[in-house]
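J.: So the sequence lines, in the order shown, correspond to chains A and B.
Number 131 in this note's numbering belongs to position 131 of the first sequence; there are no gaps in the numbering.
Number 1062 in this note's numbering belongs to position 62 of the second sequence; there are no gaps in the numbering.
2 protein chains.
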Amino acid sequence: MSDSSVLDLIKLRRGCTYCSVRQLCLPGGIGAEELQRLDDIVQRRKPIARGDRLFRIGDPLNAVYVARDGAFKSVSISEDGEEQVLGFHLAGELIGLDALGSGQHRCEGVALTAATVCEIPYDELSRVAGQIPSLQQQLFRVIGQSVDRDQDHLGILVRRQANERIALFLHSLGERYRNVGQSDSQFQLPMSREDIARFLGLALETVSRGFTRLQDDGVIAVTGRRVEIVNAAELLRLAHGAESSAGDGKQKRA
Amino acid sequence: MSDSSVLDLIKLRRGCTYCSVRQLCLPGGIGAEELQRLDDIVQRRKPIARGDRLFRIGDPLNAVYVARDGAFKSVSISEDGEEQVLGFHLAGELIGLDALGSGQHRCEGVALTAATVCEIPYDELSRVAGQIPSLQQQLFRVIGQSVDRDQDHLGILVRRQANERIALFLHSLGERYRNVGQSDSQFQLPMSREDIARFLGLALETVSRGFTRLQDDGVIAVTGRRVEIVNAAELLRLAHGAESSAGDGKQKRA
DNA sequence: CGCGAGTTTGACGATTCTCAATTTGTGTGG
DNA sequence: CCACACAAATTGAGAATCGTCAAACTCGCG
């Protein structure tokens, strides 16, 4: 193998073309030629330390970010100083779209783990999107998917029973891990119980108790932040309002 | 006044240029020339009867809609058949953006009152937006504002106390009416108590009791769907976790 | 004027929040 | 590598809120 081919390979590996989250990200469904133009404006692979913020409330919309690996949360601070978790972001998901409406960020983008992100300057993205219809399409689609996740979140919050919310949360988290190519039945939670509580609109003790209950019923196995979904079907059933009677197959009436 | 000038006037009045919700809608901040191109693809002033649906779950994304007057709700149906209200839409607000992510509608757009809407075919909108940068910008902005409203909704749902949610709901509804040029302190609710309950994640009786309580405390005056906000400052205070002690000026500690 | 949907009100019980103590886990430094 | 300290998570007990069931009432519409 010659020196130049090695260099080519390295160059390629660094770009969107060889990115593992490509299908989920903006390049999805875009031709090779257009991909190059997008590639040119992307700041690739910025390393982020746990706890770092990509942006803060009030910051102007300079860029949107894509998580390559690691996990993030979007939090807003309510008038009484309480943190409220608006969403979690896994690999391939856009972060920072909350500033699209007003031009200023309404929440903070916080890294839950060490992570790497791609940074895409918004001005250039919007300019290039105007020139490449397929990119514009894809951009609308990705934004729409982010709206979908918000609506799923709403769907969780209107369920009134705490156990339903928790079951639904774990189930959808599993689905999202599956989407990024990881196991949907065994994963490490990147967020604390408190983060989960502020995401679900519950007290953190209630979340903890919910986990314990699900474990006692043999639906999941938890040790700290390590979660295994033992019985996915039952988990989904509980998420939709079936009462959990420790293993009996009680059906919820239609 | 000659015949032709009357016709011109009528023609103009029918288009975006003279629309009362123009500033809130897509034409906001767009030049006269570009406005004409947008105007050409807009199906104007379709009358909608109360209870009619602009689209249903599963429908392909054909068009987005703008309410000119009247009010709409977006509802999704959960697996157990329960309606859940994802949002309310007043004049100037886009309806149907929920299909951006998947190309299919995830919820139903239902008219709460008799209304008129403008229908904008999505294909053409996205094509024209690619050609007019200022329209593309505005489209991103309008979509972003819709995301903002979803996040405000989340902000309501994470507040655990029912009275906080109700106070916040009434307050933000007032703000939205002010935005469309109506009174922010006196308005008619276009939605039922049940709709509000399904929007806030509460039982309808709890909503009713909340209204009564706010009225007893002199914060609002309600008769059926007619609402008057008597003490907006107190309403906002209650929305952020202050206990309501029937009129005393008890301060919540910082 | 009467019917019915929509709304209000009441009583009771279940869920979950709050406060508090204990245990487990994580990371740091000797 | 182990011990220690601090943060995170679990567990318990009591109290308040809110959901459920049920009945009365009112407003709008035919």
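For every residue, glycine included, the Cβ atom is placed at its ideal position computed from N, Cα and C.
1) Which partner residues does residue 55 of chain A have in the DSSP bridge list?
2) Determine which residues of the segment 133-144 of chain A have a Cβ less than 9 Å from any Cβ of chain B, and write them out in chain order.
3) Hey, residue 1028 of chain B and residue 1037 of chain B: beta-carbon distance below 8 Å or not?
4) Can you tell me whether residue 131 of chain A is buried or exposed? The criterion is at least 16 other CB atoms within 10 Å of its CB, across all chains shown.
5) So, at 7 Å on beta carbons, what are the nonlocal neighbours of residue 1077 of chain B in its own chain, with the 5 sequence-adjacent residues on each side left out?
6) In terms of residues, what are the limits of the beta strand (DSSP E) holding residue 168 of chain A?
7) Between residue 1124 of chain B and residue 1039 of chain B, what straight-line distance do the alpha-carbon atoms span, to the nearest angstrom?
8) Give a yes or no on whether 8 Å exceeds the smallest Cβ distance from residue 1234 of chain B to chain A.
9) Give the straight-line distance between the Cα atoms of residue 1140 of chain B and residue 101 of chain A, rounded to the nearest whole angstrom.
10) According to DSSP, is residue 87 of chain A helix, strand or coil?
11) Does any C-beta atom of chain B lie closer than 8 Å to the C-beta of residue 36 of chain A?
12) Can you tell me which of the three DSSP states residue 184 of chain A falls into?
13) Taking only beta-carbon atoms, is residue 1089 of chain B less than 8 Å away from chain A?
14) In chain B, which residues lie less than 7 Å from residue 64 of chain A when you measure between Cβ atoms?
15) Can you give me the Cβ contacts of residue 1106 of chain B inside the same chain, cut-off strictly under 8 Å, excluding the 5 residues immediately before and after it?
16) By Cβ distance, which residues of its chain are closer than 7 Å to residue 168 of chain A, with the 5 residues on each side in sequence left out?
17) Determine which residues of the segment 191-202 of chain A have a Cβ less than 9 Å from any Cβ of chain B, and write them out in chain order.
18) Can you list, in chain order, the residues of the segment 100-113 of chain A whose Cβ is nearer than 9 Å to any Cβ on chain B?
19) Out of curiosity, what's the CA-to-CA distance linking residue 182 of chain A and residue 1052 of chain B?
20) Assuming residue 30 of chain A and residue 134 of chain A make a contact with CB atoms under 8 Å, what is their CB distance in whole Å?
21) If you run the structure through DSSP and keep just helix, strand and coil, what is residue 953 of chain B?
22) If you run the structure through DSSP and keep just helix, strand and coil, what is residue 134 of chain A?
23) If you drop the 5 nearest sequence neighbours on each side, which residues of the same chain put their C-beta closer than 7 Å to that of residue 1142 of chain B?
24) Would you say residue 1033 of chain B reaches chain A, if we count a Cβ-Cβ gap shorter than 8 Å as a contact?
25) Quick check on residue 1069 of chain B: does DSSP put it in helix, strand or coil?
26) Could you work out which residues of chain A lie near residue 1155 of chain B, taking near to mean beta carbons separated by less than 9 Å?
27) According to DSSP, is residue 102 of chain A part of a helix, a strand, or is it coil?
28) Along the alpha helix (DSSP H) that carries residue 41 of chain A, what are the first and last residues, could you check?
29) Hey, could you find the ends of the beta strand (DSSP E) residue 1226 of chain B is sitting in?
30) State the start and end residues of the unbroken beta strand (DSSP E) segment that holds residue 1115 of chain B.
31) From what residue to what residue does the beta strand (DSSP E) around residue 221 of chain A run?
32) May I ask you to list, following chain order, the residues of the segment 1148-1176 of chain B that have a beta carbon less than 7 Å from some beta carbon of chain A?
33) To which residues of the same chain is residue 1122 of chain B closer than 7 Å at the C-beta, ignoring the five residues directly before and after it?
34) Would DSSP call residue 1045 of chain B helix, strand or coil?
35) For a cutoff of 8 Å on Cβ pairs, would you count residue 59 of chain A as touching chain B?
36) Have a look at residue 117 of chain A and residue 1235 of chain B and give me their C-alpha separation to the nearest angstrom.
T.: Here's the rundown:
1) A/109
2) 133, 136, 137, 139, 140, 141, 142, 143 and 144
3) no
4) exposed
5) Only 1057 and 1083 meet the Cβ criterion.
6) Run containing residue 168 of chain A: none in the beta strand (DSSP E); it sits in the alpha helix (DSSP H), 162-179.
7) 11 Å
8) False, the Cβ-Cβ gap to chain A never drops below 8 Å.
9) The alpha-carbon of residue 1140 of chain B is positioned some 7 Å away from that of residue 101 of chain A.
10) It is a strand residue.
11) no
12) Three-state result, residue 184 of chain A: coil.
13) no
14) Within chain B, no residue comes near residue 64 of chain A; the closest Cβ sits about 11 Å away, beyond 7 Å.
15) 1057, 1076, 1098 and 1099
16) 156, 159 and 239
17) Against chain B - using a Cβ distance shorter than 9 Å - the residues of the segment 191-202 of chain A are 198, 199, 200, 201 and 202.
18) 100, 101, 102, 103, 106 and 107
19) 43 Å
20) Right, their Cβ atoms sit about 5 Å apart.
21) Only positions 1001 to 1254 of chain B appear in this structure, which leaves residue 953 of chain B out of reach.
22) helix
23) Setting aside the 5 residues that flank it on each side, residue 1142 of chain B is surrounded in the same chain by 1026 and 1094, each with a C-beta closer than 7 Å to its C-beta; the list follows chain order.
24) no
25) strand
26) Per Cβ cutoff of 9 Å: 76, 78, 84 and 86.
27) Looking at residue 102 of chain A - three-state DSSP - the assignment turns out to be coil, as it is neither helix nor strand.
28) 32-41
29) 1226-1229
30) 1115-1121
31) Where residue 221 of chain A is concerned, the enclosing beta strand (DSSP E) stretches over 220-223.
32) 1148, 1150, 1151, 1153, 1154, 1155, 1157, 1158 and 1160
33) 1061, 1062, 1063 and 1064
34) strand
35) no
36) Near 42 Å, if we compare the C-alpha coordinates of residue 1235 of chain B and residue 117 of chain A.
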